[in-house]
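Read left to right, the sequence shown gives residues 32 to 435 (my numbering). Backbone N, C-alpha and C define an ideal beta-carbon position, used for all residues, glycine too. Below: one structure, written as structure tokens.
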Amino acid sequence: MQPKSNYITYTESLYYEPQSLYLECGQERRVCAELKKLGTKRILVICRPSFLTSRNVVDFMKSLESAGFRVFTYRITMDYSSSKDILAAFNDYMSYNCDTIVVMGGGAEIFCAKMVSAMATNNLRNPVEAEGYGKLKKDISVLCCVGMDNSTSISSNISEFRDENTGRWITCLSNYLVPQIAVIDTDIAMRTITQVSLTSALDTVALGVECCLSPSVSMDSRYKACARNAISLVTDNLMDMKENPDDGFLRKKIALAGIYAGMAVRKTGLGYSHVAVHALKSRYGPSTGAHYCRILSAFLKENFEIVKDELANIYNGLVKDEVRPGFAVRKGSLENMYSTEASAEAFISLMDDIHKAAVPDVGPLPNIPEKDFKGICDEIKTQGEVYGLSRMTEEQIRRTALKL
């Protein structure tokens, strides 16, 4: 029996206004025109210092100034999404009397921009006040996200960051965290290190799978369709992108996958593996987030009987037009007859193989001390109930950890 108040009941009443999406190179004029329509006068640009040496980034900022906007810059200082950067950028935003944020970067930078905008509009003193879902009461200020990796944050209703006071990894979900403008400009995105793009693309796959498995996806089948599109775009193109990192068209396909997965999560919330990643990041540092796809695979194997039908459906969609050698095909297809179990297992194998091939040097997860197990298990179970997930026992979570 589900709790009376969880993410499923929350999503039943949500409605999302569409974003403005700009998916071609050289969209500066159109973006500037839209910002003027939205009443923009003073812009805070949030990005990493290294990005400011890129000619395309400099040209984009010059286009904002040429359009008549006052432009100020906040340079990200941390390697991950942090309350330190959020609070510092928020102080700059308020000090310069800005009304708009243009963020150029990936998940860490976009999460920072989302929380700065949300704090300014909702009169928050600390971003931690927005933890959970439904805490924000007003729409965020104008936020334009220029994606420089394949992060789902560019279109999702999520912001995540580390609270430097407690070390906890904080998650905020709200309809009001969806940016008004999303830009995919591969001329700018080429600046991103290939390894970062590969890792974020694997996160897209993991989030897409969790969206398909979410109990709240039944609210609207369009969100499941977005998740499946995200999975397909990454699994079909990721290794080609790794071999050809300067191919702008491949980069664009992978970036679009991030947008699809970000849209999907708006209705579906988080899954067990996402919650587990946060529990590990809080204890062992942000670098453990690179194992999201591996952690998901372990949860799928532990809960195989529950998830096998949906995994088989996902896999069937991937091989519908092209049978991939060495993998089973779901029973009922025109090809050789295989069981649902075989197709589900084939999808998990495909996900594992892509992870190993794309990021072979990611390294092992830290060993979990026995003293930490109970706290981690309790956190995962509690958060799982919040998102309407099937309850997992401590023993199941232990067994999942052993599969990593």
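By DSSP's criteria, residue i is part of a beta bridge. Which residues make up the other side?
i, result
"residue 136", "178"
"residue 104", "76"
"residue 131", "74, 173"
"residue 215", "178"
"residue 113", "193"
Hey, quick one: how far does the alpha helix (DSSP H) through residue i stretch, first residue to last?
i, result
"residue 98", "Note, residue 98: premise wrong, no alpha helix (DSSP H); not H, not E."
"residue 396", "Unbroken run through residue 396: none, as it is neither H nor E."
"residue 63", "59–68"
"residue 374", "371–389"
"residue 295", "279–299"
"residue 259", "252–274"
"residue 305", "303–315"
"residue 38", "38–42"
"residue 224", "Looking at the DSSP string, residue 224 is not in any alpha helix (DSSP H), and its letter there is neither H nor E."
"residue 338", "335–349"
Could you check the C-alpha separation between residue i and residue j for me, to the nearest Å?
i, j, result
"residue 416", "residue 305", "13 Å"
"residue 251", "residue 122", "39 Å"
"residue 170", "residue 208", "8 Å"
"residue 342", "residue 303", "16 Å"
"residue 42", "residue 298", "6 Å"
"residue 356", "residue 236", "With a pLDDT of only 41 at residue 356, under 50, the local geometry of the prediction cannot be trusted, and the value read off the model is given with reservation. If I take the Cα positions, the gap works out to 21 Å."
"residue 51", "residue 185", "11 Å"
"residue 110", "residue 224", "14 Å"
"residue 321", "residue 329", "14 Å"
"residue 336", "residue 372", "9 Å"
"residue 6", "residue 127", "Given a span of 32 to 435 for the chain in the structure shown, any question on residue 6 remains unanswerable."
"residue 319", "residue 312", "6 Å"
"residue 241", "residue 292", "10 Å"
"residue 376", "residue 213", "36 Å"
"residue 339", "residue 246", "15 Å"
"residue 424", "residue 432", "13 Å"
"residue 130", "residue 102", "11 Å"
"residue 272", "residue 228", "9 Å"
"residue 86", "residue 220", "12 Å"
"residue 211", "residue 426", "43 Å"
"residue 410", "residue 310", "7 Å"
What are the boundary residues of the beta strand (DSSP E) that includes residue i?
i, result
"residue 53", "51–53"
Exposed or buried, what is residue i when buried is set at 16 or more other beta-carbons lying within 10 Å of its beta-carbon?
i, result
"residue 46", "exposed"
"residue 282", "buried"
"residue 400", "exposed"
"residue 388", "exposed"
"residue 145", "buried"
"residue 90", "exposed"
"residue 398", "exposed"
"residue 199", "buried"
Every unbroken alpha helix (DSSP H) within the segment 150–213, with a cutoff of 4 residues, ordered by chain:
none
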